[in-house]
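Heads up, the thing below is written out as structure tokens.
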Amino acid sequence: MREIIESELIQAWQELVRGFAHYLPRLIVMLIVAFIGWLFAYLLKLLVRSTLRVTKFSRLSESAGATQLLNQAALPSSTELVSRFVFWVAWIGFILLGVSVLGIVALQEYIARFFLFLPRLFVATLLLFFGALAAGFLSRAALLAAVNANLRSSRLLSISIRIIVSIFALSMAFEVLGIAEQTMLIFFGTLFGAIMLGLAIAFGIGGKDLAREYLERRFGTAKKDEKEDELSPL
Amino acid sequence: MAEETLLTDEFLRQLMTVGEVDIVVGLPTHNNSRTIAPVVRAIQAGILKCFPRERVVIINADGGSQDGTPEIVTGASIDDVWSASKVYALRTLHSISTRYARTPEPGTALRTILAAADLLRARACVLISPESTTIEPEWIQRLLRPVYNDSFDLVAPLYCREKFEGLLMRNLLYPMTRAIYGYRIHEPYASEFAVSGRLATDFLSQELWNDEWGRIGAEIFLTTTAITGQYRVCQVFLGPKAPATHRSASDIVAAMRRTVGALFFTLDKNFSDWNTITGSQPVPTSGDPCDVTSEMVRVNRKRLRDMFATGVAQLEPVFRSILLPSTLSELQKMASFEVREFKYSADLWARTTFEFAAAYHKSVINRDHIIQALVPLYRGRSLAFLLENRDGSNDDIEKNVESVCSEFERLKPHLLEIWVNGK
Chain A
1 MREIIESELI
11 QAWQELVRGF
21 AHYLPRLIVM
31 LIVAFIGWLF
41 AYLLKLLVRS
51 TLRVTKFSRL
61 SESAGATQLL
71 NQAALPSSTE
81 LVSRFVFWVA
91 WIGFILLGVS
101 VLGIVALQEY
111 IARFFLFLPR
121 LFVATLLLFF
131 GALAAGFLSR
141 AALLAAVNAN
151 LRSSRLLSIS
161 IRIIVSIFAL
171 SMAFEVLGIA
181 EQTMLIFFGT
191 LFGAIMLGLA
201 IAFGIGGKDL
211 AREYLERRFG
221 TAKKDEKEDE
231 LSPL
Chain B
1 MAEETLLTDE
11 FLRQLMTVGE
21 VDIVVGLPTH
31 NNSRTIAPVV
41 RAIQAGILKC
51 FPRERVVIIN
61 ADGGSQDGTP
71 EIVTGASIDD
81 VWSASKVYAL
91 RTLHSISTRY
101 ARTPEPGTAL
111 RTILAAADLL
121 RARACVLISP
131 ESTTIEPEWI
141 QRLLRPVYND
151 SFDLVAPLYC
161 REKFEGLLMR
171 NLLYPMTRAI
181 YGYRIHEPYA
191 SEFAVSGRLA
201 TDFLSQELWN
211 DEWGRIGAEI
221 FLTTTAITGQ
231 YRVCQVFLGP
241 KAPATHRSAS
251 DIVAAMRRTV
261 GALFFTLDKN
271 FSDWNTITGS
281 QPVPTSGDPC
291 DVTSEMVRVN
301 RKRLRDMFAT
311 GVAQLEPVFR
321 SILLPSTLSE
331 LQKMASFEVR
341 EFKYSADLWA
351 RTTFEFAAAY
361 HKSVINRDHI
371 IQALVPLYRG
381 RSLAFLLENR
391 DGSNDDIEKN
401 VESVCSEFER
411 LKPHLLEIWV
421 NGK
């Protein structure tokens with residue numbers, strides 16, 4: 001009995017050692033891949049950072065209003081954020097590549113999924129960036145037009161446009177990522193409806209002056225002195 | 001030059017019929033049937049009286065009028081003028097018209113007229129606004145003589161205006177052009193002016209016609225081209241400027257775009273020409289100055305103040321990317337003042353304008369947004385000008401404008417600093 005136990009233990013130990021010896025080179029390969037990946041990702045981060053600085057990406061981000069949002073959330077600058085994002089995506093990609101060398105079947109599928117997910121992540125990021133850009137531009141254009149036309153509630157109009165465009169960009173990004181499509185559809189549908197209802201109520205209560213002004217201008221019943229108080233500039 | 005694409009075949013045929021001329025009178029129009037007839041009569045009378053021996057053509061560049069304006073121009077009979085003035089032209093006075101676009105583009109109209117003048121080898125070209133209801137036949141002589149007889153290349157007008165008209169010209173366009181380019185041209189954006197054939201040819205070869213500014217703000221470019229090209233420039237007193245027929249908020253935004261936008265744009269292009277200029281020199285001026293009229297203009301001052309204060313408050317995020325923190329904080333302080341204590345000093349106004357010009361150069365945000373953001377501040381400056389000169393005489397107003405110009409000249413190093421180093 002004792003001999004049997006000893007032989008089983010020895011056999012188990014030998015298998016463990018054999019298995020470890022079998023995996024050790026793969027583990028070393030994985031670590032090497034991860035290290036090279038870190039090095040590559042770090043260099044890529046430096047490259048991206050300097051490219052963004054040369055192309056004055058921060059100015060674009062500032063004009064889109066993204067810098068303001070990042071400052072409010074106490075996050076690093078947009079250039080730093082994008083370079084860090086590139087670093088982590090590249091390094092995680094290499095780590096997963098290294099893990100796949102280990103040959104763990106259960107992980108293979110997830111790794112493959114991650115690599116298939118990368119292009120979609122890239123597209124979603126682009127969508128969010130251009131969405132932020134469009135939201136910033138359109139909301140500022142609306143704000144300037146409203147202020148120069150002396151409309152009240154200019155800020156409300158501008159913020160509403162920013163929110164609507166941002167929601168639209170966010171919903172598109174989620175759709176590209178394929179994350180809980182149905183839930184997102186219902187969520188954004190409800191949110192959009194709620195915003196529209198809120199705006200309608202806000203306009204009805206707070207913007208009655210604005211509506212009156214518009215109608216007066218449209219049908220020419222505005223007070224005469226208000227028409228005459230613009231001086232000829234040229 | 002792309003005259004073959006700019007000028008239609010029909011227009012070229014008309015120009016060939018006319019042949020070489022000495023003088024071109026340009027009339028850019030768009031739905032001006034209410035005012036155009038007396039303007040054409042004054043032009044005809046001016047030509048008959050002062051240039052009866054010269055070969056002259058009136059060219060109407062129309063931007064898609066729907067009210068028969070071109071027909072009025074080409075159909076205006078010279079017989080009435082003959083009988084009234086008892087002077088007869090020794091040459092045929094041609095009147096031709098072309099439609100350059102379906103919608104009005106002042107720059108394209110100017111280009112069309114100058115291209116025609118270039119083709120017809122005109123020695124002088126004078127442009128007259130179709131809305132100049134105060135025009136006298138003598139204006140033609142005053143504008144053309146310096147080019148035709150004294151070899152000047154650009155003749156800019158000087159008007160007498162109603163007391164509070166032309167505020168953008170007095171508070172921004174004149175002081176800034178003077179400080180930047182060093183020439184005291186009071187009307188850098190003129191609706192009436194004369195140019196020599198050689199300046200017209202040079203101006204047509206400039207690379208601006210494909211830009212938006214070439215289409216909407218070419219008048220400013222003409223002035224800066226004359227200055228930077230060291231052409232001979234002078235000014236003549238014309239008379240009273242016709243008051244604006246309608247005024248609205250959208251007019252101010254559009255006016256800012258085509259004047260201030262174009263002026264800021266020229267700064268980029270001509271940096272090497274203006275960065276070393278200090279001070280300014282007077283421009284030869286002729287004619288009899290006339291006093292400003294002190295006709296009461298109804299202005300709701302409280303509303304102007306409110307529009308300024310609302311603009312400063314609402315546009316704070318926009319101003320933060322354009323103005324220096326110190327300038328913005330001064331504006332915010334001013335926005336809290338009531339009308340009776342409201343003051344927008346020339347020093348602060350000059351700094352504001354220069355910081356806007358530098359922001360435009362650096363494109364800190366969309367350039368059109370920068371121009372639009374200046375509108376509420378211009379309203380604030382207009383109110384301050386109004387309050388400063390409420391009981392002022394002609395001399396007082398001139399002194400006030402002169403002090404604004406001095407501030408712009410004094411603060412030019414500030415512009416250069418933020419232009420080069422950023423804010």
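From first to last, the protein sequence lines stand for chains A and B. Be aware that the first sequence starts at 1, since it is given in this note's numbering, and climbs by one per residue. Be aware that the second sequence starts at 1, since it is given in this note's numbering, and climbs by one per residue. No residue lacks a Cβ here, since even glycine has one placed at the ideal position from N, Cα and C.
Proximal chain B residues relative to residue i, where beta-carbon distance stays under 7 Å
i	result
Val147/A	Thr310, Gly311, Gln314, Leu315, Pro376
Residue j beta carbon less than 8 Å from that of residue i
i	j	result
Val430/B	Ala156/B	This structure leaves residue 430/B out entirely; chain B is present only between 1 and 423.
Leu157/A	Ala142/A	yes
Ser326/B	Tyr183/B	no
Ile113/B	Ile59/B	yes
Phe164/B	Leu387/B	no
Val404/B	Ile365/B	no
Gln235/B	Thr201/B	no
Ala373/B	Ile322/B	yes
Ile220/B	Ala262/B	yes
Ala173/A	Ala124/A	yes
Phe342/B	Arg305/B	yes
Asn32/B	Gln66/B	no
Glu330/B	Leu348/B	yes
Ile167/A	Phe188/A	yes
Leu7/B	Ala115/B	yes
Thr103/B	Gly63/B	yes
Thr223/B	Gln206/B	no
Leu234/A	Thr259/B	yes
Residues that residue i contacts on chain B, provided the C-beta gap is smaller than 8 Å
i	result
Ser154/A	Thr310, Gln314
Residues that residue i contacts on chain A, provided the C-beta gap is smaller than 7 Å
i	result
Gln372/B	Leu144, Asn148
Met307/B	Asn150
Listed by chain order, chain A residues near residue i by CB distance under 9 Å
i	result
Asn366/B	Ser63, Phe137, Arg140, Ala141
Met176/B	In chain order: nothing, as chain A lies at least about 14 Å away.
Thr133/B	Near Thr133/B there are no residues of chain A at all, since even the closest Cβ is about 14 Å away, more than 9 Å.
Neighbourhood of residue i by C-beta distance below 6 Å, restricted to the same chain and skipping five residues each side
i	result
Cys290/B	Cys160
Ala2/B	For Ala2/B, the predicted structure reports a pLDDT of 47, less than 50, and the residue's modelled location is therefore unreliable. A value from the coordinates is still provided. Cβ neighbours of Ala2/B beyond the five flanking positions: none.
Ser406/B	none
Tyr174/B	His186
Gly98/A	Met30, Val33, Ala34
Gln14/A	none
Arg55/B	Val21, Asp22, Arg91
Val401/B	Arg170
Leu415/B	Phe354
Trp235/A	As shown, chain A starts at 1 and ends at 234. That puts residue 235/A outside it, with no answer to give.
Own chain partners of residue i with C-beta closer than 8 Å, once the 5 adjacent residues on each side are dropped
i	result
Pro413/B	none
Asp368/B	Arg257, Gly261
Phe130/A	Ala169
Arg178/B	Arg184, Ile185, Ser280, Cys405, Phe408, Glu409
Arg121/B	Glu20, Val21, Gly197
Ala76/B	Ala37, Val40, Arg41, Gln44, Ser95
Val18/B	Val57, His94, Ile96, Leu120
Own chain residues within Cβ distance below 7 Å of residue i, not counting five before or after
i	result
Asp273/B	Thr228
Ala313/B	Ala335
Lys224/A	At Lys224/A the pLDDT is 48, less than 50, meaning the model places this residue with poor confidence; the figure from the coordinates comes in the next sentence. The answer is none, since no qualifying residue turns up.
Ser129/B	Ser191, Glu192
Under 8 Å from the C-beta of residue i: neighbouring residues of chain A
i	result
Thr352/B	Result: empty, since nearest Cβ-Cβ is about 16 Å, beyond 8 Å.
Val339/B	Correct list: empty, because the minimum Cβ distance to chain A is about 13 Å.
Val318/B	Arg140, Leu143, Leu144
Checklist entry - If contact means a Cβ-Cβ distance below 8 Å, which residues of the segment 124-143 of chain A contact chain B? => result Phe137, Arg140, Ala141, Leu143
Item to check | Under 9 Å (Cβ pairs) to chain B, residues found in the segment 92-120 of chain A | outcome: none
Checklist entry - Could you give the uninterrupted runs of the beta strand (DSSP E) lying entirely in the segment 68-155 of chain B, keeping only those of 3 residues or more? => result 94-99, 124-127
Item to check | Where the segment 19-39 of chain A meets chain B: residues whose CB sits under 9 Å from a CB there | outcome: none
Item to check | Contact set between the segment 180-196 of chain B and chain A, restricted to residues whose Cβ is under 7 Å from the partner | outcome: Tyr189
Next on the checklist: Can you pull out the residues from the segment 49-60 of chain A whose beta carbon lies closer than 8 Å to at least one beta carbon of chain B?
Outcome noted: Arg59
Checklist entry - Looking at chain A, which residues of the segment 156-167 of chain B have a Cβ within less than 9 Å of any of its Cβ atoms? => result Arg161, Glu162, Phe164, Glu165, Gly166, Leu167
Checklist entry - At which residue ranges does the segment 78-154 of chain A contain complete alpha helix (DSSP H) runs of 4 or more residues, listed in the order of the chain? => result 78-101, 105-148
Next on the checklist: Please list, in chain order, the residues of the segment 321-335 of chain B that have any C-beta partner in chain A closer than 9 Å.
Outcome noted: Ser321
Next on the checklist: Which complete beta strand (DSSP E) runs does the segment 207-273 of chain B hold, if anything under 3 residues is left out?
Outcome noted: If one requires a minimum length of 3 residues, the beta strand (DSSP E) runs lying completely within the segment 207-273 of chain B are 233-240, in chain order.
Checklist entry - In chain order, what residues of the segment 253-267 of chain B put their CB closer than 8 Å to some CB of chain A? => result Val253, Ala255, Met256, Thr259
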